[in-house]
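K.L.:
One line per chain: the protein sequences are G and R, in this order. For the first sequence, our numbering gives the first residue as 1, with consecutive numbering after it. For the second sequence, our numbering gives the first residue as 443, with consecutive numbering after it. Built from N, CA and C at the ideal position, the CB exists for glycine as well. Bear in mind the structure is a predicted one, so any value in this text is a computation, not a measurement. Structure incoming, see below.
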Amino acid sequence: MTQDEGPEKRGAAGEPVEPHDGERRADRDPADPENLQSRDDDQPAPALTTSSRMQDALRSMMSSSVLITVGAVVLALAVGSVLILAGDTDVQATLGYFFQRPGDFFGEAWRAISESYIALFQGAIYDSEATTPERRIRPLTETLTIAAPLIFAGLGIGLTFRVGLFNIGGQSQLVLGAVLGAWVGFALNLPPFVHVALVVLAAALGGAIAGAIPGVLKARFGAHEVISTIMLNNTSRYFLLWLLGTGAFISATPQVSPGLAETARLPLLLGGSFRLHLGFVLALLTAVALWWLVERSVLGFQMRAVGANPEAAGTAGMSVRKILVVSMALSGALCGLAGAMQVAGTEGKLTSSVYGTIGFDAITVALLGRSRPFGTVLAGILFGALAAGGRIMASRAGTEAELVTVLQAVIVLLIAAPPLVRSVFRLPEPGTSRRRVKEATA
Amino acid sequence: MSAVQVDSHVEVAAPPPPGFVRSLVGYGVIALVAVVLALTAPSGISKIQLTAGSEFFQIPQLDLPAALAVGVPAIGAAVIATVALVTQLRSRSSAPRWMAILAGTLLLLGFLAHLVAGKSGVLPLTGLLTSTLFLATPLIFGALGGVVCERVGIVNIAIEGQLLAGAFAGVVVASIAGQNPYVGLITAPIAGVGVGALLAWFSIRYRVDQVITGVVLNVLVLGLTTFFFKGLLSELEGLNDRSRLPVLPIPLLSEIPVIGPVLFRQTLLVYLLYVIVILLHIYLFRSRWGLRVRSVGEHPKAADTVGIDVNRTRWRNTLLGSGIAGLGGAFFTIGQGLAFGIDITAGSGFIALAALILGRWTPLGAVAAALFFGFANALSQSLRSYGVSLDSNIPLMIPYIVTLFAVAGFGGKVRPPAAEGTPYVK
Chain G
1 MTQDEGPEKR GAAGEPVEPH DGERRADRDP ADPENLQSRD DDQPAPALTT SSRMQDALRS
61 MMSSSVLITV GAVVLALAVG SVLILAGDTD VQATLGYFFQ RPGDFFGEAW RAISESYIAL
121 FQGAIYDSEA TTPERRIRPL TETLTIAAPL IFAGLGIGLT FRVGLFNIGG QSQLVLGAVL
181 GAWVGFALNL PPFVHVALVV LAAALGGAIA GAIPGVLKAR FGAHEVISTI MLNNTSRYFL
241 LWLLGTGAFI SATPQVSPGL AETARLPLLL GGSFRLHLGF VLALLTAVAL WWLVERSVLG
301 FQMRAVGANP EAAGTAGMSV RKILVVSMAL SGALCGLAGA MQVAGTEGKL TSSVYGTIGF
361 DAITVALLGR SRPFGTVLAG ILFGALAAGG RIMASRAGTE AELVTVLQAV IVLLIAAPPL
421 VRSVFRLPEP GTSRRRVKEA TA
Chain R
443 MSAVQVDSHV EVAAPPPPGF VRSLVGYGVI ALVAVVLALT APSGISKIQL TAGSEFFQIP
503 QLDLPAALAV GVPAIGAAVI ATVALVTQLR SRSSAPRWMA ILAGTLLLLG FLAHLVAGKS
563 GVLPLTGLLT STLFLATPLI FGALGGVVCE RVGIVNIAIE GQLLAGAFAG VVVASIAGQN
623 PYVGLITAPI AGVGVGALLA WFSIRYRVDQ VITGVVLNVL VLGLTTFFFK GLLSELEGLN
683 DRSRLPVLPI PLLSEIPVIG PVLFRQTLLV YLLYVIVILL HIYLFRSRWG LRVRSVGEHP
743 KAADTVGIDV NRTRWRNTLL GSGIAGLGGA FFTIGQGLAF GIDITAGSGF IALAALILGR
803 WTPLGAVAAA LFFGFANALS QSLRSYGVSL DSNIPLMIPY IVTLFAVAGF GGKVRPPAAE
863 GTPYVK
C-alpha cells in the first residue's frame, strides 16, 4: 500500500506504513492519499496525541463516496417521512379505520409527506407559489444568508479535524467574536469601509482568543479539547448574559446591546429587500484561502502532519504544541467570523441568543463536508437550505421546522457509518478487490 | 517530577505521588483565601438560620458578629490547610483526603457568613442545602450514567440527549397513564436506554467515533423532542399534563435537624438515587461485574484474553448507564411537577459530564462534584434574597471554570479510563 501515498505525506509520517487489520480498513478507499497513517489499536495514545480513532472515523468519512452521501440523504428523508406521518393528526385519524379503507391512509400520508417536502423545497430554493419574481428567488437568498455563518464555523471545525482535534467550542468562539465585533461596531465611530473591516477583524480576534484557550490547555497541560471546549461553551452562555446587563452593552431593550452603526454593517448584496449580505462572498473567499493554507502552505502541511501522526511530526522537528495552539486559534477565528455574520450581517445587534445552534450545526456541516473547504461550503449551503426551508415548511405544511434538525442529525450519523448505508442499499464495499490482491501478494 | 538521584550510597527518595506539587498549590491557595476572608470580615452581623420548622426541635436563628462567623471557620480552614501542607512536605506523600474536604467545607462556611455579613437577609442553611440537592439530582443521575458508560470504555457525550429523552418519555407516558408519575419513572429510563442503544450501535457495531456520535445524538434527541412537542403535544390534549412525584418523608429520619429535611423529605426518585449511588460505589469496585467493567475500559485486550466478551460487556453497560441517565431525566418533568418544554434540560447533561470528570470517573466523586455544581447554582438563585448584589450569572459560570482548571490538571491528575473511546477489534 505504500505506493498509494504521496511523497510529501510519506516524508511527514517519516516511517513506513504498516498494513492495518483488514476489517478496520474495509471502508476506506486505499486510493485516497489521506489513508496513509496507521496506528496499532492497542497502543494507548500518549498525552499529546489525538486519538487515532477520531482520525480513523474522519478518514473513513472522507473516503466514503458521493454515493454514501446520497444514500444518507435518501434514508434521512425516509426517516423524516415517518416523522411527518407521526406528527400529522389527519393521517392518524385515517389509521383508525385503516383496515376498512387503507386507501385513505395512503392518500393522506402521500399528501402530508409531499406537502411538507415541497414546502421545504419552496422555502429553500425557488418559491413557485410566489407572485413576484423577487419573492420567487427570495428563498435562495435566504438559504445563502443562513449558510454564511454555517460555512465560516464549519470551516473552523473542519480545520481542527484535519489536525486531529475536535473543536466543540464553536459556540464560545462565536460568542466572543460577536461580543468584540459588536463592541467595535457600536462603540467606535469610524469611516464606512474601515469600520466594517475592523468589526470583522475584531470578531476574528475574539474567536481566536476563545479558541486559543483550549489549544493552550491541551498543548501545555494535556487537557482534552472536547471537555475544555464544552466547558467554555457553557461559560460563554452566562458570560454573554452577564455582559448584556453590564456597562457599555446596556441598551433600552433588556438583553440586547445597542445597535451597530450603519458603517459597521456588512453591505447588502441585492438591495434592501433581501437579507443577503457581503458575508456570503467573504465565506467563499475564506474557503479558497483556507484551502490554500491547508493544502499548499508550510503551516498547512505541518497541520496535516500533526493530524496524521503527532509523534512523527514531532520527530521530524515540528513543534506539535505550537501547531495545536495555532490551529485552535485559527479555528476559533473562523468561528468568531461566524459571529460577525450574525452581529454585522443579519442581526445588527448583540443578543443573548446570538449563537443559536450554529456552534453545533457547524460540527455537522464540517462532518458532512468531510473537513474539506469546498465540501464544507456545499454542506453549509445544504444546511442553510434546510433551515430556510424548514421555516416555510412550518408555516405552509404545518410540519414543525425541527424536522430539519432531525434530518441533519440522521444524515451525519449515517455518513459516519458507511457500512450501514451500504448494507441498506446493498452497495459493494469499495477497495475490497484491491485489498484481496494485496493480501495475496503480501 | 523531581529528578531521582541514583546514588548507590544514598537512600533513593521515593518519587512523590502524582499531583503532589499541584495539591501543595491547592492547600496553599485554600490557606491564603481563608486568611484573606478572615481579614476582610465586615463589622456587621451574619444571620444564619439552621432549622426549617418541621424538625424535632428548633435551633433559634443565629445572629453572630461577622468577625466571629467568618473568622472561626476561615481560620480553621487556614490551619488545616497549613497542617496538610506541612505534613505533605515532610512525609513526601499526599495528606489524607479528609483534610482537603474539611478545609474546603470550613472555607465555604466562612464564605457564606461573609456573604450575608451586615446584610438584611438571613442565610437559610437548610433551604440552601435542600435546593442544592434538588438542583444536583439530575446532574448526579447523569454523571453516574456517564461513569458506567465511560468506565466500560464508551465516551458518553450523549448524557444531555439521554436526560432530555427521559424527561420527555417520563411526562408523556405519565400523562397518558392518567397523570400517574410512577409510570413515568419506568418509561424515562427506557427512553434513556433507547438513546444509549443508538450510541452503542454506532460506536460498537460501526465504530463511529464516540464523541461524534454523542454530539449528533444530542442534536437528534433535541430535534425529535421539539418536533413532537410543537406538533403532537400541543395539538392533542392529555399528552403533556403536569404530574408530580409525591414527597415521601421517611418517619423519624426526616425530623433530624438540618439533615432530615434535606435528605429524607424527598420523592421516590431521590431515594432511588441514594440506592444507585451506594450500589454503584460498592459494585464498581468490589464485585466481579465491576472488575469486568473496569478491565474492559482500561485494557480490553487483556479482558478478552481472560474470556470476557468485550463488546457484549460494553453493550450491556452502555445501556445500563444510559438508563440511569434517562431516569435522571424524569426529574425535569415529573420530578419537579412540570410539563415538558423545549430543551428543558438546558445543558444539564454537559454539567453532568463535567461532574463525572471532576469526580475522576468514580461514583462518589461524581456525586460530590454534582453537589458542588448544585450548590453554586442554588447560591446564584438565592443571592438576591440575601441582599447581595452580585449578578446571578457569575456563580453560574463557576462550575465550568472549575472543571476547566480540573481538566488542565490543577488539583491532581485527571485520568480517564485508558481504553475510553477506542473501539475494540479482536
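Please decide whether methionine 328 of chain G counts as near chain R, where near means a Cβ-Cβ distance under 8 Å.
P.N.:
no
K.L.:
May I ask you to list the residues that DSSP assigns as paired with isoleucine 487 of chain R?
P.N.:
R/Pro507
K.L.:
Is the separation between the beta-carbon of leucine 367 of chain G and that of isoleucine 698 of chain R shorter than 8 Å?
P.N.:
no
K.L.:
Comparing alpha-carbon positions, which option in G/Ser228, G/Ala252, G/Val82 and G/Thr141 lies nearest lysine 349 of chain G?
P.N.:
G/Ala252
K.L.:
For the structure I just gave you, are there three or more beta carbon pairs, one from the segment 591-607 of chain R and one from the segment 636-656 of chain R, closer than 8 Å?
P.N.:
yes
K.L.:
For a test of the three-state rule: what should DSSP assign to phenylalanine 644 of chain R, helix, strand or coil?
P.N.:
helix
K.L.:
Using the DSSP secondary-structure output, state which residues sit across from leucine 390 of chain R in a beta bridge.
P.N.:
The shown model of chain R, from 443 to 868, leaves out residue 390 of chain R, and the question about it has no answer.
K.L.:
For aspartate 361 of chain G, tell me which candidate among G/Val412, G/Leu337, G/Leu324 and G/Phe374 has the shortest Cα-Cα distance.
P.N.:
G/Val412
K.L.:
Hey, valine 704 of chain R and leucine 571 of chain R are a contact pair by Cβ (cut 8 Å); roughly how many whole angstroms apart?
P.N.:
5 Å
K.L.:
Given a limit of 8 Å on CB to CB distance, which residues of the segment 664-684 of chain R reach chain G?
P.N.:
Leu664, Gly665, Leu666, Thr668, Phe669, Phe670, Lys672, Gly673, Leu674, Glu677 and Leu678
K.L.:
Consult DSSP for leucine 268 of chain G and reduce its assignment to one of helix, strand or coil.
P.N.:
strand
K.L.:
Quick check: the segment 280-291 of chain G against the segment 148-157 of chain G, are at least 3 beta-carbon pairs closer than 8 Å?
P.N.:
yes
K.L.:
Looking at the secondary structure, which residues open and close the alpha helix (DSSP H) in which serine 228 of chain G lies?
P.N.:
225-243
K.L.:
For chain R, is any of its Cβ atoms less than 8 Å away from the one on arginine 426 of chain G?
P.N.:
no
K.L.:
For the alpha helix (DSSP H) containing glutamine 604 of chain R, name the first residue and the last one.
P.N.:
Under the DSSP assignment, glutamine 604 of chain R falls in the alpha helix (DSSP H) whose first and last residues are 601-618.
K.L.:
Would you mind telling me which residues of chain G sit closer than 7 Å to threonine 845 of chain R, beta carbon to beta carbon, in chain order?
P.N.:
Met231
K.L.:
Just to make sure I have the definition right: I need the residues of chain G whose C-beta is within less than 7 Å of the C-beta of aspartate 833 of chain R. Which are they?
P.N.:
Under the 7 Å cutoff, chain G gives Trp242 and Gly245.
K.L.:
Is the shortest distance between the beta-carbon of serine 352 of chain G and the beta-carbons of chain R less than 8 Å?
P.N.:
Interface criterion not met: the Cβ of serine 352 of chain G is under 8 Å from no Cβ in chain R.
K.L.:
Relative to chain R, which residues along the segment 392-413 of chain G have a C-beta separation below 9 Å, given in chain order?
P.N.:
Taking a C-beta cut-off of 9 Å against chain R, the contacting residues of the segment 392-413 of chain G are Ala394, Gly398, Thr399, Glu400, Ala401, Glu402, Leu403, Val404, Thr405, Val406, Leu407, Gln408, Ala409, Val410, Val412 and Leu413, listed in chain order.
K.L.:
Taking 8 Å as the threshold, find out whether the segment 605-622 of chain R comes into contact with the segment 803-812 of chain R through three or more Cβ pairs.
P.N.:
The answer is no - the segment 803-812 of chain R does not touch the segment 605-622 of chain R, with fewer than three Cβ pairs under 8 Å.
K.L.:
What residue from G/Gly307, G/Val325 and G/Gly247 has the CA that sits closest to glycine 164 of chain G's CA?
P.N.:
Just measuring C-alpha positions, the residue of G/Gly307, G/Val325 and G/Gly247 sitting nearest glycine 164 of chain G is G/Gly307.
K.L.:
Please report the Cβ distance between proline 515 of chain R and leucine 551 of chain R, rounded to the nearest whole angstrom; I am assuming they are in contact, meaning their Cβ atoms lie under 8 Å.
P.N.:
4 Å
K.L.:
Which residues bound the alpha helix (DSSP H) around isoleucine 415 of chain G?
P.N.:
403-416
K.L.:
Using the rule of at least 16 other Cβ atoms within 10 Å of the residue's Cβ for burial, across every protein chain shown, is alanine 642 of chain R buried or exposed?
P.N.:
buried
K.L.:
Is it the case that the Cβ atoms of alanine 861 of chain R and glycine 739 of chain R are separated by a distance below 8 Å?
P.N.:
yes
K.L.:
In the DSSP assignment, what residue or residues form a beta bridge with threonine 351 of chain G?
P.N.:
DSSP, once it has assigned bridges, lists G/Val256 as partnering threonine 351 of chain G.
K.L.:
Which whole-angstrom value describes the C-beta separation of leucine 662 of chain R and valine 404 of chain G, a residue pair presumed to lie in contact below a C-beta threshold of 8 Å?
P.N.:
Leucine 662 of chain R to valine 404 of chain G, Cβ: 12 Å. No contact.
K.L.:
Quick one: which residues of the segment 799-833 of chain R get their C-beta closer than 7 Å to a C-beta of chain G? List them in chain order.
P.N.:
Ile799 and Asp833
K.L.:
On the DSSP letters alone, give me the boundaries of the alpha helix (DSSP H) that methionine 318 of chain G sits inside.
P.N.:
From DSSP, methionine 318 of chain G is part of no alpha helix (DSSP H); its letter is neither H nor E.
K.L.:
Taking the continuous alpha helix (DSSP H) assigned at histidine 195 of chain G, which residues delimit it?
P.N.:
192-221
K.L.:
Could you work out which residues of chain R lie near histidine 195 of chain G, taking near to mean beta carbons separated by less than 8 Å?
P.N.:
Here the premise fails: no neighbours, minimum Cβ distance about 30 Å.
K.L.:
Would you mind telling me which residues of chain R sit closer than 7 Å to leucine 420 of chain G, beta carbon to beta carbon, in chain order?
P.N.:
What leucine 420 of chain G touches in chain R: Tyr648.
K.L.:
Under the rule that 16 or more other beta-carbon atoms within 10 Å means buried, what is valine 320 of chain G, buried or exposed?
P.N.:
buried
K.L.:
For proline 566 of chain R, which residues does DSSP report across the bridge?
P.N.:
R/Gln491
K.L.:
Alpha helix (DSSP H) containing isoleucine 137 of chain G: first to last residue?
P.N.:
133-162
K.L.:
Could you give the distance in angstroms between the alpha-carbon of isoleucine 490 of chain R and the alpha-carbon of leucine 506 of chain R?
P.N.:
Cα to Cα, isoleucine 490 of chain R sits roughly 8 Å from leucine 506 of chain R.
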